[in-house]
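K.L.:
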Amino acid sequence: MAVCTRLGLSLKSSSPRKNPLEPGILVAGLPFDPLLAATYARLGHAAFAADIGGLVLNRLDDHERTLEERNRQWQATEEHPFSMALFLFGGEAGLAYHYATVPQLADAQGRQPVVFVDDYEVPPLALPVASDVDRFFELYSRYLEELVAHPAFSRDDPAVLAFPRQLLHLIASDERLVSLIREGRFDPLMPGAEAQAWAHRVVSAGDARR
Amino acid sequence: MGVPVIRSKRVVSLWRRAMALVMAVALANGCATVGTGGSGRPEDMPPDVDEEVLKEGAKAEVARTVAQVWAVTRGVREVGARQSFSFWVERGALTLVGYMASGRDGPAGHSVDDEALRHTLSTVLESFAQQHTGAVEVTLERRETGWNVGYLRLPGSRPPEAKTLPVRSEGLPPDAANAVTEGLAHLLKALPLSEGEEARVEVVAHLEDGRAEAWELERFELIRRSSGSSGWEPAARAADEASAVVLPFMEGIGERTVHLGLKLARSRGARWMSGRVEVARVVQPPPSPELNAEFVAEYRLMVEDILRRWREDTKEGAEWVARRGVEELALWYAFGILSKGVGWLGARTLPTVKLALSRGGEAAAGWLRTTLKRVPLERRLAFERLWMKVQLEGKRALSQSERAELRELMEGLEQLVKKPLTRDEKDLLRSSARAYYKKLYPELAKLMDEAGSALPIHHRCPLEYAHLFPSLDINAANNLAMVPGHVHKRLNLLWDKFRQARPHATARDVEEAARIIDGHFENWYHRASDPIGQPLRSAEEAALAALRQLFPELK
Chain A
3 MAVCTRLGLS LKSSSPRKNP LEPGILVAGL PFDPLLAATY ARLGHAAFAA DIGGLVLNRL
63 DDHERTLEER NRQWQATEEH PFSMALFLFG GEAGLAYHYA TVPQLADAQG RQPVVFVDDY
123 EVPPLALPVA SDVDRFFELY SRYLEELVAH PAFSRDDPAV LAFPRQLLHL IASDERLVSL
183 IREGRFDPLM PGAEAQAWAH RVVSAGDARR
Chain B
11 MGVPVIRSKR VVSLWRRAMA LVMAVALANG CATVGTGGSG RPEDMPPDVD EEVLKEGAKA
71 EVARTVAQVW AVTRGVREVG ARQSFSFWVE RGALTLVGYM ASGRDGPAGH SVDDEALRHT
131 LSTVLESFAQ QHTGAVEVTL ERRETGWNVG YLRLPGSRPP EAKTLPVRSE GLPPDAANAV
191 TEGLAHLLKA LPLSEGEEAR VEVVAHLEDG RAEAWELERF ELIRRSSGSS GWEPAARAAD
251 EASAVVLPFM EGIGERTVHL GLKLARSRGA RWMSGRVEVA RVVQPPPSPE LNAEFVAEYR
311 LMVEDILRRW REDTKEGAEW VARRGVEELA LWYAFGILSK GVGWLGARTL PTVKLALSRG
371 GEAAAGWLRT TLKRVPLERR LAFERLWMKV QLEGKRALSQ SERAELRELM EGLEQLVKKP
431 LTRDEKDLLR SSARAYYKKL YPELAKLMDE AGSALPIHHR CPLEYAHLFP SLDINAANNL
491 AMVPGHVHKR LNLLWDKFRQ ARPHATARDV EEAARIIDGH FENWYHRASD PIGQPLRSAE
551 EAALAALRQL FPELK
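Which chain is which? The protein sequence lines are A and B, in order.
For the first sequence, the working numbering gives the first residue as 3, with consecutive numbering after it.
For the second sequence, the working numbering gives the first residue as 11, with consecutive numbering after it.
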């Protein structure tokens, strides 16, 4: 939120539920990530930088439970190939790109890594992008900074830097993510050649940083 | 009613005469009619132009015009000589559109008060000409001890080269003005005129915006022969008056030619050839069949704004263009490429680029924006820099290496659009599509910001087939539709089945598939929810059945 304000990008948010959901509680049958729980304890809905594209969190407040409904719809879809459940918490405004946590890969504190889901592909493509939700928000903030600083950036058409595929240098700095990928923890989500190629690039970039 | 006349020598009485003139013009019937002012509809003005800017510009226009007229007139001493300057006036902008001179054979008169003439000209231009929109004629008639200045409003509509906004500048840079004189002198010195001979010549100046691109001799007619000594004499003096006449024409816009009718003479015993301009008129090129009228009109508005900035401050003008780039000025670049072509670069024929740009308007501009999105930033900036140089400074401003670089870039574009999109390119074009769609449908933009990825943009002809339609903009408005997320999934599945059935689909195959899918799904396009009474499953099944009829191998 601070980055949006500093860069002069739009920021919309709304009040959270009166009784925020606890970490670990089941939402659409999946355990709620603790960092997501902390986020939704502060706001019920948010659209970050929607004036140039931006990240929109699925709504969860006292009036709507879009967060839960979207996940139930996603689970009901027969065609998605993943043998691991995904919990969709947001996406790109106006594009079939979602952001999801992976409950089965939670760490000891229950923190779940985040994947980017390209739903333009058949079957959808899942690419690991952050080791937890906080790292994801930090990544997205750095992306906005790089986007606005890009020499070709204009508010009329800000499409000069694609998230996440052109942010390898930032994603690879997440050492825990690189480890998880290297250990093959995300393999059930990445059956195809393209996803495997992405994983390889992240690991190589991570190794090069050492 | 005769032409209203003001005697420039009597400055004190000028204002009384000026008021009388205003009254005379207002009461006149039929001898001076108001110009039609172009199309009659209000024109768009750039956002930075306000009343203050118009006022400053109008003042600068008068100052410049007075200086230019004076430069033509100052050497005229023949009593009875008459010079007419025709202008188009709009919002204070003065564009010279014609010139005629006669009566230069009389005896020389006494010296006159130059300052008084300049003052009178300023008054006439400020108080009369600039108060309306239309064609006007200012006539100067040399008397024994002064000048008569006449003013007349004429009928007519705005010529294509006329400015609609005043420019705050002092005139052409000295090197540009010198280049005109040199160009003319070079052309005229080749004319064989012996002592005692006179000739009429017609010289054509090929102008583009504020540049003289070429000079041509169109006609040479000896009107007085002599057996005096022949040879070529320096033509600088002959060129002086001619270039003074040409210089104000260079304030116009676009490509045009100025035809100068000159009378040249080489007196006996004189070392120099003298020359007088008898007439100067602007001739527009015939409309190009590749450029539709609407494209030309849209381009004209844009080019005048850019030229105005460039003329007011070359450095700032170039920086303004560079800051905006192709994203905002795609139409300007597209028109420039199409109108100038690429043959002069030595480039191979680029049929796809030509076809794409000849569609004009947003089709051309959108194609260029989308295509350049696929080009690495450095090359995109080079493209912008080089085409900007061509458009503002002329083709000849490019060095050999710059020509080679631009040729390579253009040939590269021709090949690029025939290649399938990469993953990164698809990502960028989807983002671009979203930005564009939100501008097209601001009411849906709000829904998209609320719903996030639940209301995605769908490409009716998928991005993976963009290379099969290389001259079309895959991000054109008619190829984009926001749909509910669950509908997008079904559309994707249909296209996936098509992809598997036709791994080497032709453009025709894709067009047919898109037609079928659109036909069954268009009720979901540009909507956030399902239309009432229309089950999605039925639409999908019907689309599938229709696709199978055309593509039996579809599973």
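We put the CB at the ideal spot given by N, CA and C, even for glycine.
To the nearest angstrom, how far is the alpha carbon of B/A77 from that of B/L127?
P.N.:
Each residue's Cα considered, the two are about 11 Å apart.
K.L.:
For the segment 479-497 of chain B, which residues have a beta carbon sitting closer than 8 Å to at least one beta carbon of chain A?
P.N.:
Cβ contacts with chain A: M492, G495, H496.
K.L.:
I'd like the span of the beta strand (DSSP E) that includes B/G273, first residue to last.
P.N.:
Reading off the sequence, residue 273 of chain B comes out as Lys, not Gly. Where B/K273 is concerned, the enclosing beta strand (DSSP E) stretches over 265-276.
K.L.:
Under 7 Å, CB to CB, which of the residues in the segment 129-150 of chain A have a partner in chain B?
P.N.:
The residues in question: there are none.
K.L.:
With B/S368 as the anchor, note down where its alpha helix (DSSP H) starts and where it stops.
P.N.:
361-368 is the span of the alpha helix (DSSP H), which, as asked, contains B/S368.
K.L.:
Look up B/D315 in the DSSP assignment and say whether it is helix, strand or coil.
P.N.:
Helix at B/D315.
K.L.:
Which ranges does the beta strand (DSSP E) cover as unbroken runs of at least 3 residues, wholly within the segment 54-119 of chain B, from first to last along the chain?
P.N.:
List check, beta strand (DSSP E) in window: 92-100, 103-112.
K.L.:
Taking the alpha carbon of A/A98 as the reference point, which residue from B/V497, B/E521, B/G264 has its own alpha carbon closest?
P.N.:
When each option's Cα is compared against that of A/A98, the closest is B/V497.
K.L.:
Is the distance from the Cβ of A/R19 to the Cβ of A/D53 below 7 Å?
P.N.:
Going by C-beta atoms, A/R19 is not nearer than 7 Å to A/D53.
K.L.:
Whose C-beta lies closer than 6 Å to the C-beta of B/G108 among residues of the same chain, with five residues either side of it excluded?
P.N.:
So the qualifying residues of the chain are S96, R291.
K.L.:
Residues of chain A with CB closer than 7 Å to the CB of B/D437, please, in chain order.
P.N.:
Going along chain A in sequence order, the residues near B/D437 (Cβ under 7 Å) are A164, R167.
K.L.:
Taking the Cβ atom as the reference point for each residue, do A/L141 and A/G92 lie within a distance shorter than 7 Å?
P.N.:
No, these two residues do not count as a Cβ contact at 7 Å.
K.L.:
Is it a yes or a no for the segment 175-188 of chain B touching the segment 57-68 of chain B, going by three-plus beta-carbon pairs under 8 Å?
P.N.:
Yes: at least three Cβ pairs fall under 8 Å.
K.L.:
Roughly how many whole angstroms lie between the Cα atoms of B/R444 and A/G55?
P.N.:
Cα to Cα, B/R444 sits roughly 7 Å from A/G55.
K.L.:
When you compare only the Cα positions, how much space is there between B/V352 and B/Q425?
P.N.:
Approximately 15 Å, taken between the alpha carbons.
K.L.:
What does DSSP give as the partner residues of A/F50 in its beta bridges?
P.N.:
Answer by DSSP bridge pairing, in chain order: A/L13, A/L57.
K.L.:
Give the single residue among A/E123, A/A110, A/V180 whose Cα lies nearest to the Cα of A/S206.
P.N.:
Nearest option by C-alpha distance: A/V180.
K.L.:
Quick one: is B/A340 near chain A, going by C-beta distance under 7 Å?
P.N.:
So, not an interface residue.
K.L.:
I'd like to confirm the pairing. Which residues does DSSP put opposite A/A128 in its beta bridges?
P.N.:
According to DSSP, A/A128 bridges with A/V119.
K.L.:
So, for B/L232: in the same chain, excluding its five sequence neighbours on each side, which residues have a beta-carbon less than 7 Å away from its beta-carbon?
P.N.:
Hits under 7 Å: E207, A209.
K.L.:
Quick check: the Cα distance between A/L23 and A/A43, rounded to an integer number of angstroms?
P.N.:
Between A/L23 and A/A43, the C-alpha separation is close to 7 Å.
K.L.:
Quick one: give me the first and last residue of the alpha helix (DSSP H) that B/V398 is part of.
P.N.:
Val is not the amino acid found at residue 398 of chain B; the sequence shown has Met there. Counting along the chain, the alpha helix (DSSP H) containing B/M398 begins and ends at 387-403.
K.L.:
Is there at least one non-hydrogen atom of the ligand GDP closer than 6 Å to the beta-carbon of B/H129?
P.N.:
As far as ligands go, the structure on display features none, and thus does not contain the ligand GDP.
K.L.:
For B/G285, report the span of its beta strand (DSSP E) as first-last.
P.N.:
That run of the beta strand (DSSP E) goes 284-293.
K.L.:
Bridge partners of A/G93, per DSSP?
P.N.:
Beta-bridge pairing links A/G93 to A/V58, A/H100.
K.L.:
Determine the burial state of B/M29: buried for a count of at least 16 other Cβ atoms within 10 Å of its Cβ, exposed for fewer.
P.N.:
Note on B/M29: pLDDT 36, under 50, position unreliable in the model; no value is reported.
K.L.:
DSSP has B/Y161 in a bridge; who is on the other side?
P.N.:
BP columns for B/Y161 point to B/V148.
K.L.:
So the alpha helix (DSSP H) A/A201 belongs to, where does it begin and stop?
P.N.:
Unbroken alpha helix (DSSP H) run through A/A201: 195-211.
K.L.:
Under a Cβ-count criterion, where at least 16 other Cβ atoms within 10 Å of its own Cβ denotes burial, should B/P472 be classed as buried or exposed?
P.N.:
It is buried - the Cβ of B/P472 has at least 16 other Cβ atoms within 10 Å.
K.L.:
In terms of residue numbering, what span does the alpha helix (DSSP H) encompassing B/L450 cover?
P.N.:
433-450 is the extent of the alpha helix (DSSP H) around B/L450.
K.L.:
Roughly how far, in whole angstroms, is the beta-carbon of B/L439 from the beta-carbon of B/I484, given that I think they are within contact range, below 8 Å?
P.N.:
Right, the Cβ-Cβ distance comes to about 7 Å (below 8 Å), so this counts as a contact.
K.L.:
If distances are taken between C-alpha atoms only, which option among B/G279, B/V306, B/I263, B/V313 comes closest to B/V293?
P.N.:
Considering only alpha carbons, the answer is B/I263.
K.L.:
Give a yes or no on whether 7 Å exceeds the smallest Cβ distance from A/L127 to chain B.
P.N.:
No, no contact with chain B.
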